[in-house]
Amino acid sequence: MSSTSKVEKAAIELFQEHFEHLVIVVDNYVHSIPVAEDIVQDLFIKLWEKNRLINATPAFLYTCGRNFALNYLRDFSSKMSLHELTSELYILDEQEEELSYMNRLEEIHRAVESLPPQCQTVLRMIYFENKHYAEVAQEMGISINTVKTHIYLAIKTLRKNFTFYLCCSL
Numbered sequence: 001m002s003s004t005s006k007v008e009k010a011a012i013e014l015f016q017e018h019f020e021h022l023v024i025v026v027d028n029y030v031h032s033i034p035v036a037e038d039i040v041q042d043l044f045i046k047l048w049e050k051n052r053l054i055n056a057t058p059a060f061l062y063t064c065g066r067n068f069a070l071n072y073l074r075d076f077s078s079k080m081s082l083h084e085l086t087s088e089l090y091i092l093d094e095q096e097e098e099l100s101y102m103n104r105l106e107e108i109h110r111a112v113e114s115l116p117p118q119c120q121t122v123l124r125m126i127y128f129e130n131k132h133y134a135e136v137a138q139e140m141g142i143s144i145n146t147v148k149t150h151i152y153l154a155i156k157t158l159r160k161n162f163t164f165y166l167c168c169s170l
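Numbering-wise (full-length UniProt numbering), the sequence shown opens with residue 1 and increments by one.
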């Protein structure tokens, strides 16, 4: 299998995995499924032509989708009334905030996945499953102090990765 066909296969998989979700995101901006589909297709074509599709993360694709939708709206905004434009901008601000939140969640998810396996497990059990330290220790067959150590290391690592968000949210 040549490297070109591997690249093409990866691009096709990326397209198939994210196309429908991107159409939904873009549709939230343009309020037309056919237009959203055209915009997303254009997005994938442009990224392919610029050789940026293969290394594209979901967050990058969604940001590009939003930007393509905003460009579309900008190009046709002269046809909208002032009231329509104001309403659209209000909706766009809300959706941009939601997309930013989704991007932060994706970053946090990746950071948690980069933790050592036992730290991940302990962190998930305590924070996502709301289990007590003793319960986690018993289920994993480790001491409570080991659980505390895993949580300390996990939070220390995550805090180091997300200092920017902590500073900005004060």
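Using N, Cα and C, we set each Cβ at its ideal position, and we do this for glycine too.
- Taking C-beta atoms as the reference points, ALA137 and THR146 count as a pair closer than 9 Å.
- For GLU139, the three-state secondary structure derived from DSSP is helix.
- Pairing VAL23 with GLU37 gives a Cβ-Cβ distance under 9 Å.
- By the CB criterion at 9 Å, ALA11 and ILE39 fall outside the cutoff.
- Between ARG52 and ILE142, the alpha-carbon positions lie close to 45 Å from each other.
- If you check the CB distance, ILE33 and ASP27 come in under 9 Å.
- Within the same chain, and ignoring the five residues on either side of MET140 in sequence, no residue has its Cβ closer than 6 Å to its Cβ.
- Taken through DSSP and simplified to helix, strand or coil, ASN130 comes out as coil.
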